[in-house]
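Peer 1: Numbering (this note's numbering), first residue to last: 67 to 539.
Structure below; questions to follow.
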């Protein structure tokens, strides 16, 4: 199935490394969702595979049973580098830091080190639309997928969001037409971009860059350098779509070779998409302007208008009609854990924003409401500056409930902004928030921190918040 529109001018990405996988011994480090997907793909392609998982997991015996008859060896639990002696390629999951001792040793032994998205790119033939940034990646990727689907395009939607990119690769044992995608739409994180070699998006989107993951990246500059790699392998036949309102983003794209498009909430752009009053306008050389009413974007907050504009412009590049794109925007359901209304109870509106894992995301969430709010904040500290919330909290938040490992620093940095109370658990936090709130208020759960001090991930954390709220009597 051939993509339409602008894509007809562009050749698809060729198969990248010249690796005969059937004669290659590959180790997969990290057996989470992306690691298992990589292992399954490699086994399907005939590679000799060794599995390595250092972290304690409750499902290790399940993994042993799943792979016992298919893999060369399994190294589960503890540090053991002996497997590197036979390995030619090491596929690393995004949760493994690039300075991990096993990765350093592998490079010293001239072993090829690649990430899961790089492995997938070795096999993918459909054009890749890759989206990165500190905030808004998941929303934007889903919006793009919805627009493409409404336009009759067959698109894979995944990456850091949901399905690993390896799931987009047709299995050699069953080349199903259902896997013959027109487009690959992928959310890519800084962790994934750290290990790319030739990963090359046809459209590379950089949404925004604010301090985040400083518990993993040594500096903000290192974090930005990882994000910048999304443009690294692009050519003048590719596109980049960047945030014209973010000076950091604009500076990061200066050396990119791809064709420049911009999006802006504040001003006109030469090529790209922008907001003008209540209208969204787009320009693409050789085509008429696209005009869409802001009322056709059924989401709360200016940050989501920005995300929708990106999705619309990607749709324009892919040859989608205006009518189909508006249909795609309106067809999308509420995003779970992203400004998700949970319940109205005794005059209080409870909103789950568990995906708000950094300060900037929580700031955008706070700016999305006009009603008075009680905010539940806290979790594992990622190094963000909570003082950036001071002005907004002082203006519209009548009470703040703090939880988790970051509680002490939050209290210190936000002292004097509003009434602050501590909670011992998420259930206690909801109870404390109810005491602080009044009829008509919003109780917003937007932690500005990661979840790993109390939960497995933001998804589990959000589900727990919703359970607590739904069970209120």
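Ideal Cβ positions, reconstructed from N, Cα and C, are used throughout, including at glycine.
Would you grab the beta carbon distance between residue 91 and residue 182 for me? Rounded to a whole angstrom, and I think it's under 8 Å.
Peer 2: Within the chain shown, the letter at position 25 stands for residue 91. Within the chain shown, the letter at position 116 stands for residue 182. No, residue 91 and residue 182 are not in contact; Cβ-Cβ is about 18 Å, not under 8 Å.
Peer 1: Identify whether residue 428 lies in helix, strand or coil by the three-state DSSP scheme.
Peer 2: In the chain shown, counting from the first residue as 1, residue 428 sits at position 362. Residue 428 falls in the helix class under three-state DSSP.
Peer 1: Using three-state DSSP, classify residue 79 as helix, strand or coil.
Peer 2: Within the chain shown, numbered from 1, the residue matching residue 79 stands at position 13. Interpretation of residue 79 is limited by its pLDDT of 35, a score under 50 that renders its predicted location unreliable; the figure taken from the coordinates is listed afterwards. Three-state DSSP puts residue 79 in coil, outside helix and strand.
Peer 1: Between which residues of its own chain and residue 519 is the CB-CB distance below 7 Å, once the five residues before and five after are set aside?
Peer 2: By one-based count along the chain shown, residue 519 stands at place 453. Within the same chain, residue 519 has close Cβ partners 445, 446, 470 and 471.
Peer 1: What is the DSSP secondary structure of residue 232, counted as helix, strand or coil?
Peer 2: If you number the chain shown from 1, residue 232 lands on position 166. In the structure shown, residue 232 sits in a helix (DSSP, three-state: H, G or I).
Peer 1: Taking one C-beta from the segment 390 to 401 and one from the segment 491 to 505 each time, how about it: are there three or more such pairs within less than 8 Å?
Peer 2: Contact between the segment 390 to 401 and the segment 491 to 505 is absent, because fewer than three Cβ pairs lie under 8 Å.
Peer 1: Might you give, ordered along the chain, the residues of its own chain that have their beta carbon closer than 6 Å to the beta carbon of residue 212, omitting 5 neighbours on each side?
Peer 2: Counted from its first residue, the chain shown places residue 212 at position 146. Within the same chain, residue 212 has close Cβ partners 394, 397 and 398.
Peer 1: In three-state DSSP terms, what is residue 137?
Peer 2: Along the chain shown, one-based indexing puts residue 137 at 71. Reduced to three states, the DSSP call for residue 137 is coil.
Peer 1: One question on the structure: do residue 514 and residue 422 come within less than 8 Å of each other, judged by their Cβ atoms?
Peer 2: Along the chain shown, read from residue 1 onward, the residue named residue 514 stands at position 448. Along the chain shown, read from residue 1 onward, the residue named residue 422 stands at position 356. Their beta carbons are under 8 Å apart, which means residue 514 touches residue 422 by this criterion.
Peer 1: Just the C-alpha distance for residue 387 and residue 343, rounded to the nearest angstrom, thanks.
Peer 2: Along the chain shown, one-based indexing puts residue 387 at 321. Along the chain shown, one-based indexing puts residue 343 at 277. Roughly 23 Å between the two C-alpha positions.
Peer 1: If you reduce the DSSP assignment to three classes, tell me which class residue 167 lands in.
Peer 2: Residue mapping note: residue 167 aligns to position 101 of the chain shown, counting from 1. Helix at residue 167.
Peer 1: Provide the residue(s) that pair with residue 349 in DSSP beta bridges, ordered along the chain.
Peer 2: Taking the chain shown and counting its residues from 1, the one referred to as residue 349 is at position 283. Residue 349 is bridged to 338.
Peer 1: Terminal residues of the continuous beta strand (DSSP E) containing residue 330?
Peer 2: Along the chain shown, read from residue 1 onward, the residue named residue 330 stands at position 264. Run containing residue 330: 325 to 330, per the beta strand (DSSP E) assignment.
Peer 1: DSSP beta-bridge partners for residue 271?
Peer 2: As a working mapping, residue 271 is identified with position 205 in the chain shown. 197 and 307.
Peer 1: Return helix, strand or coil for residue 155, following the three-state DSSP convention.
Peer 2: The sequence position of residue 155 within the chain shown is 89, counting from 1. Strand, per DSSP.
Peer 1: Could you name each continuous beta strand (DSSP E) segment of 3 residues or more that falls completely within the segment 480 to 511, going from the start of the chain to the end?
Peer 2: Complete beta strand (DSSP E) runs here, min 3: 485 to 488 and 508 to 511.
Peer 1: Would DSSP call residue 359 helix, strand or coil?
Peer 2: The residue you call residue 359 lines up with position 293 of the chain shown. It is a strand residue.
Peer 1: Reducing DSSP to helix, strand and coil, say where residue 434 ends up.
Peer 2: The residue labelled residue 434 in the question sits at position 368 within the chain shown. Residue state, collapsed to three classes: coil.
Peer 1: Looking at residue 258 and the ligand PLP, is the gap between the Cβ and the nearest heavy atom below 7 Å?
Peer 2: Among the components of this structure there are no ligands whatsoever, and the ligand PLP is therefore not found.
Peer 1: To the nearest angstrom, how far is the alpha carbon of residue 453 from that of residue 302?
Peer 2: As a position in the chain shown, residue 453 is number 387, starting the count at 1. As a position in the chain shown, residue 302 is number 236, starting the count at 1. Whole-angstrom Cα-Cα distance: 41 Å.
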